[in-house]
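*Asks:* Here it is, the structure, as structure tokens.
In the working numbering, the protein residues as written are 479 to 665.
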């Protein structure tokens, strides 16, 4: 058993609660698992604020959480069987529909969008699979996810309509920024 497999064994119960992960390959599950890091929350701690845009998927493995919508308690959830929250928000900027507060000590994992994209950055087959899985589960968000995943592979191209001085000045500024970044890398 290598460390990927062990981490996947531990996180699989929670990942299996995520609809996209129920149809994902072992390789994509490992990609998700590798991007995860442990988190814990103390009783009374606000885990998610309603209306906030956070590109994170939360996987809770133990503890009790309360959900609130417009400050009204809507649900109490025991996380011991694994609970996932923020599946689509991981990939799409969308305000959270409810607030989540820890009732007891809560443990689990978080996957952040950037970490997930980094985890699959050089694996085109996993990128394609994630797009396919998303298209199956969230067809209405498929194009946005596709843009997100393919966007990380495409470098911005200069517009062919660069003619006015305003744009020329903007170009020279970006050249300066590139040089500054190069200098900072050497420090």
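Think of the CB as a built atom: it goes at the ideal place given N, C-alpha and C, for glycine as much as any other residue. This structure is a prediction, so every number in the text was calculated from the model and none was measured.
Spatial neighbours of residue 537 within its chain, please: CB distance less than 6 Å, with the 5 preceding and 5 following residues excluded, ordered by chain position.
*Replies:* 492, 562, 586 and 587
*Asks:* Report yes or no: do three or more beta-carbon pairs, one from the region 551–566 and one from the region 590–609, lie closer than 8 Å?
*Replies:* Note that the region 551–566 does not touch the region 590–609; fewer than 3 beta-carbon pairs, one per stretch, sit closer than 8 Å.
*Asks:* Exposed or buried, which one is residue 547 when buried takes at least 16 other CB atoms within 10 Å?
*Replies:* Counting the other Cβ atoms within 10 Å of the Cβ of residue 547 gives fewer than 16, which makes it exposed.
*Asks:* List the endpoints of the continuous alpha helix (DSSP H) containing residue 611.
*Replies:* 602–615
*Asks:* My guess is that residue 616 and residue 521 are in contact by the Cβ rule of under 8 Å, so how many angstroms apart are they, rounded?
*Replies:* No, residue 616 and residue 521 are not in contact; Cβ-Cβ is about 33 Å, not under 8 Å.
*Asks:* Assign residue 518 to buried or exposed, taking buried as 16 or more other Cβ atoms, counted over all protein chains shown, within 10 Å of its Cβ.
*Replies:* exposed
*Asks:* Candidates 605, 543, 565 and 510: which alpha carbon is nearest residue 534's?
*Replies:* 565
*Asks:* Pop quiz: residue 569 and residue 591 are said to be a contact at Cβ under 8 Å. What is the actual Cβ separation, rounded to whole angstroms?
*Replies:* About 7 Å separates the beta carbon of residue 569 from that of residue 591, a gap short enough to meet the 8 Å contact definition.
*Asks:* Going by CA-CA distance only, name the one from 625, 606, 623 and 629 that's closest to residue 506.
*Replies:* Minimum Cα distance to residue 506 is reached at 606.
*Asks:* Does the Cβ of residue 567 have 16 or more other Cβ atoms within 10 Å, making it buried, or fewer, making it exposed?
*Replies:* Per the 10 Å Cβ criterion, buried.
*Asks:* In the DSSP assignment, the beta strand (DSSP E) including residue 512 goes from what residue to what residue?
*Replies:* Looking at the DSSP string, residue 512 is not in any beta strand (DSSP E); the run it does join, the alpha helix (DSSP H), is 504–513.
*Asks:* Within its chain, find whatever has a CB closer than 6 Å to the CB of residue 524; leave out the 5 residues flanking it on each side and keep chain order.
*Replies:* 579
*Asks:* First and last residue of the alpha helix (DSSP H) that includes residue 623?
*Replies:* 620–629
*Asks:* Taking only the alpha-carbon atoms, compute the straight-line gap between residue 542 and residue 572 and give it to the nearest angstrom.
*Replies:* 25 Å
*Asks:* Is it true that the CB of residue 574 sits closer than 8 Å to the CB of residue 527?
*Replies:* Yes; because the gap between Cβ atoms is below 8 Å, this pair is in contact.
*Asks:* According to DSSP, simplified to helix, strand and coil, what is residue 490?
*Replies:* helix
*Asks:* Alpha carbons only, please: which of 550, 596, 612 and 539 is nearest the one belonging to residue 512?
*Replies:* Answer by Cα proximity: 596.
*Asks:* Taking 6 Å as the limit between beta carbons, can you name the residues of its chain near residue 497, skipping five residues before and five after?
*Replies:* 615
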